[in-house]
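These notes concern the structure reproduced below.
There are 2 protein chains.
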Amino acid sequence: MGRPSVQDQRKKEVLDAFMSCVVRYGVEGATLEHIAAQAGLKRPLIRHHLGNRKAMVLALGEHVVETFSKQTETLRVALDEHPDVRNLIEALFNSDGEMDPRINICYQALVNSIEIYPELRKPLLESMEAFYKVAIDIVLASHPKADKQACEIVAHGIINLFITTDAFVPLKPPKTWGYSSYFAALKLAETLEEKT
Amino acid sequence: MGRPSVQDQRKKEVLDAFMSCVVRYGVEGATLEHIAAQAGLKRPLIRHHLGNRKAMVLALGEHVVETFSKQTETLRVALDEHPDVRNLIEALFNSDGEMDPRINICYQALVNSIEIYPELRKPLLESMEAFYKVAIDIVLASHPKADKQACEIVAHGIINLFITTDAFVPLKPPKTWGYSSYFAALKLAETLEEKT
DNA sequence: AAATTTACTGTCAGTATTGACAGTAAATTT
DNA sequence: AAATTTACTGTCAATACTGACAGTAAATTT
Numbered sequence: 000m001g002r003p004s005v006q007d008q009r010k011k012e013v014l015d016a017f018m019s020c021v022v023r024y025g026v027e028g029a030t031l032e033h034i035a036a037q038a039g040l041k042r043p044l045i046r047h048h049l050g051n052r053k054a055m056v057l058a059l060g061e062h063v064v065e066t067f068s069k070q071t072e073t074l075r076v077a078l079d080e081h082p083d084v085r086n087l088i089e090a091l092f093n094s095d096g097e098m099d100p101r102i103n104i105c106y107q108a109l110v111n112s113i114e115i116y117p118e119l120r121k122p123l124l125e126s127m128e129a130f131y132k133v134a135i136d137i138v139l140a141s142h143p144k145a146d147k148q149a150c151e152i153v154a155h156g157i158i159n160l161f162i163t164t165d166a167f168v169p170l171k172p173p174k175t176w177g178y179s180s181y182f183a184a185l186k187l188a189e190t191l192e193e194k195t
Numbered sequence: 000m001g002r003p004s005v006q007d008q009r010k011k012e013v014l015d016a017f018m019s020c021v022v023r024y025g026v027e028g029a030t031l032e033h034i035a036a037q038a039g040l041k042r043p044l045i046r047h048h049l050g051n052r053k054a055m056v057l058a059l060g061e062h063v064v065e066t067f068s069k070q071t072e073t074l075r076v077a078l079d080e081h082p083d084v085r086n087l088i089e090a091l092f093n094s095d096g097e098m099d100p101r102i103n104i105c106y107q108a109l110v111n112s113i114e115i116y117p118e119l120r121k122p123l124l125e126s127m128e129a130f131y132k133v134a135i136d137i138v139l140a141s142h143p144k145a146d147k148q149a150c151e152i153v154a155h156g157i158i159n160l161f162i163t164t165d166a167f168v169p170l171k172p173p174k175t176w177g178y179s180s181y182f183a184a185l186k187l188a189e190t191l192e193e194k195t
């Protein structure tokens with residue numbers, strides 16, 4: 000009874016606003032006022048729903064890790080149907096709107112804040128490990144004859160290139176930069192093909 | 000006449016301290032007090048030498064761009080002697096102590112702060128363009144018969160992989176991650192070899 | 001309609017950060 | 001030694017940020 004709770008919804012909204020602010024101002028530059036304004040709420044209200052600043056940062060960490068894990072799972076389905084490296088690359092780089100471009104930037108920002116929030120280290124590390132693992136599995140399944148170590152290197156390379164996809168967006172770089180990581184990932188995948 | 004000026008030296012020391020703080024706390028998290036403590040100086044003194052906070056951030060931008068440009072030049076000499084892709088990769092990934100690992104992290108942090116300091120955009124963009132250009136030139140000179148576009152893609156890929164080298168360091172990742180970008184870069188370079 | 005629970009706002013105190021500047025100390029010239 | 005220039009320190013006011021909480025409004029149950 001009583002007024003129905005909207006905490007779950009509000010939390011998501013606030014964390015979404017937090018992400019946008021982290022992209023613009025960094026973790027420490029994202030003030031509670033910034034976040035509240037971005038979410039269209041008053042500052043005391045976001046505190047009511049999420050607690051103090053530290054709790055918010057940790058919640059953001061969970062949120063990013065969770066979103067990351069969902070993306071990882073989305074990739075795993077591409078494995079089940081057609082365990083092909085190109086499918087992996089397409090899913091990573093050309094899934095229109097599926098991947099939130101803010102996630103990678105926030106992830107990196109949180110990694111760099113680990114000295115302030117050491118609790119973030121473990122979940123961030125584990126989510127990235129899972130991400131690598133899925134990529135490695137796909138590459139291995141896709142090229143069963145290829146050298147195992149080569150597959151791991153290619154998988155790592157593809158993921159690392161993916162990480163940089165949106166790294167330069169604030170620079171408004173020439174269009175040629177935009178797809179460079181994508182094309183490089185494709186070339187990297189080529190190295191596993193049979194050499195005829 | 001008068002007491003000899005140590006501004007040039009002090010500026011360098013402060014900017015070096017600023018870099019260390021940006022790596023730990025991000026651009027906005029690096030307070031003047033942090034920077035001063037890191038440099039072993041009093042806060043009013045760093046102001047005396049470098050001006051207010053905004054001036055310091057812009058000076059840091061110049062410093063990073065300058066260091067970046069020096070690294071770019073260091074690479075160009077590797078071009079003149081042996082324009083080989085492997086030399087490029089070795090110079091990037093295995094030049095013990097030559098490359099300051101903080102530079103990439105600071106560069107990325109500054110890129111993400113462009114909305115606050117728009118003046119940084121142009122120099123940051125240009126320094127990265129120069130960096131790409133040198134890499135492309137080396138790859139082209141190294142493989143004159145190869146497809147031009149392929150060379151550009153490989154060069155971009157190598158640089159983008161280089162960018163990620165120290166991205167995960169705060170996570171204290173397993174050793175296997177450490178060289179993944181390096182090995183991936185080598186594999187990427189392989190794609191330009193003659194297919195026999 | 002009363003009670004209850006939650007959403008939301010206004011506001012204040014404590015702290016952190018920055019900017020500013022007066023004043024002192026040190027090194028150099030004349 | 002006096003003058004001059006710069007390095008450096010102490011300190012205070014203004015501002016920004018956060019934490020806390022009382023109090024109001026809204027939605028639901030009985």
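Line by line, the protein sequences give chains A and B. According to numbering that gives the first Met the number 0, the first sequence holds residues 0 to 195 in order. According to numbering that gives the first Met the number 0, the second sequence holds residues 0 to 195 in order. For every residue, glycine included, the Cβ atom is placed at its ideal position computed from N, Cα and C.
Going along chain B, which residues have a C-beta under 8 Å from residue i?
| i | result |
| --- | --- |
| Ile-162(A) | Thr-163, Ala-166 |
| Arg-120(A) | Pro-169, Leu-170, Lys-171 |
Using a cut-off of 7 Å between C-beta atoms, extract the partners of residue i located in chain A.
| i | result |
| --- | --- |
| Arg-23(B) | Glu-114 |
| Pro-82(B) | In chain order: nothing, as chain A lies at least about 20 Å away. |
Write down the C-beta distance between residue i and residue j rounded to the nearest angstrom, noting that I regard them as a contact closer than 8 Å.
| i | j | result |
| --- | --- | --- |
| Ala-134(A) | Leu-87(A) | 6 Å |
| Ile-162(A) | Asn-111(A) | Going by Cβ atoms, the distance from Ile-162(A) to Asn-111(A) rounds to 13 Å, so no, they are not a contact pair. |
| Val-168(A) | Cys-105(A) | So it is not a contact: roughly 13 Å between Cβ atoms. |
| Gln-8(A) | Ala-166(B) | That pair is no contact at about 33 Å. |
| Leu-119(A) | Gly-60(A) | 5 Å |
| Val-56(B) | Tyr-116(B) | 6 Å |
| Ser-126(A) | Ser-68(A) | 6 Å |
| Thr-190(B) | Thr-175(A) | With a Cβ gap of about 19 Å, Thr-190(B) and Thr-175(A) do not count as contacting. |
By the criterion of Cβ-Cβ separation under 7 Å, what are the contact partners of residue i in chain B?
| i | result |
| --- | --- |
| Val-64(A) | The contacting residues do not exist; Val-64(A) stays about 12 Å from chain B at best. |
| Glu-27(A) | Tyr-24, Gly-25, Glu-27, Gly-28 |
Please return the same chain residues whose Cβ sits closer than 8 Å to the Cβ of residue i, not counting the five positions on each side in sequence.
| i | result |
| --- | --- |
| Lys-121(A) | none |
| Arg-2(A) | none |
| Lys-10(A) | His-48, Leu-49, Ala-58 |
| Glu-114(A) | none |
| Pro-172(A) | none |
Enumerate in chain order the residues of its own chain whose CB-to-CB distance from residue i is below 6 Å, with the five nearest sequence positions on each side excluded.
| i | result |
| --- | --- |
| Ala-188(A) | Val-84 |
| Met-18(B) | Arg-101, Cys-105 |
| Gly-156(A) | Leu-187 |
| Ala-90(B) | Leu-74, Ala-77 |
| Val-26(B) | Ala-108, Ser-112 |
| Lys-137(B) | The sequence as given places Ile at residue 137(B); Lys does not occur at that position. The residues are Leu-78, Pro-82, Leu-87. |
| Leu-160(B) | Ser-180, Ala-183, Ala-184 |
| Glu-12(B) | Ala-38 |
| Thr-164(B) | Ser-180 |
Report the neighbours of residue i on chain A: residues whose CB is nearer than 8 Å to its CB, in chain order.
| i | result |
| --- | --- |
| Gln-107(B) | Gln-107, Ala-166 |
In chain B, which residues lie less than 9 Å from residue i when you measure between Cβ atoms?
| i | result |
| --- | --- |
| Pro-172(A) | Leu-124, Met-127, Glu-128 |
Identify, in the order they occur along the chain, each residue of the same chain with its Cβ nearer than 7 Å to the Cβ of residue i, setting aside the five sequence neighbours on each side.
| i | result |
| --- | --- |
| Tyr-24(A) | His-33 |
| Ile-158(A) | Phe-130, Tyr-131, Ala-134 |
| Gln-37(A) | Ala-16, Ser-19, Cys-20 |
| Gln-70(A) | Met-98 |
| His-62(B) | Leu-14 |
| Ala-145(B) | Leu-191 |
| Thr-66(B) | Asp-99, Ile-102 |
| Arg-52(B) | Leu-31 |
Which residues of chain A have a Cβ atom closer than 9 Å to the Cβ of residue i, listed in chain order?
| i | result |
| --- | --- |
| Ile-104(B) | Asn-111 |
| Pro-3(B) | In chain order: nothing, as chain A lies at least about 38 Å away. |
Check whether the stretch 21 to 35 of chain B and the stretch 178 to 186 of chain A are in contact - that is, three or more C-beta pairs closer than 8 Å. no
Of all the residues that make up the stretch 177 to 193 of chain A, which are near chain B by a beta-carbon distance shorter than 7 Å? Ser-179, Ser-180, Phe-182, Ala-183, Lys-186, Leu-187, Glu-189, Thr-190
Taking Cβ-Cβ distances below 7 Å as the criterion, which residues of the stretch 139 to 163 of chain B are in contact with chain A? Ile-152, Val-153, His-155, Gly-156, Asn-159, Leu-160, Ile-162, Thr-163
Can you give me, in chain order, the residues of the stretch 39 to 62 of chain B that have a beta carbon less than 7 Å from any beta carbon in chain A? none
Take every Cβ of the stretch 124 to 138 of chain A, pair it with every Cβ of the stretch 42 to 56 of chain A, and state whether three or more of those distances are shorter than 8 Å. no
Can you find at least 3 beta carbon pairs, one from the stretch 141 to 148 of chain B and one from the stretch 67 to 84 of chain B, that sit closer than 8 Å? yes
Indicate whether the contact test is met: 3 or more Cβ pairs, each with one atom in the stretch 94 to 104 of chain A and one in the stretch 149 to 156 of chain A, closer than 8 Å. no
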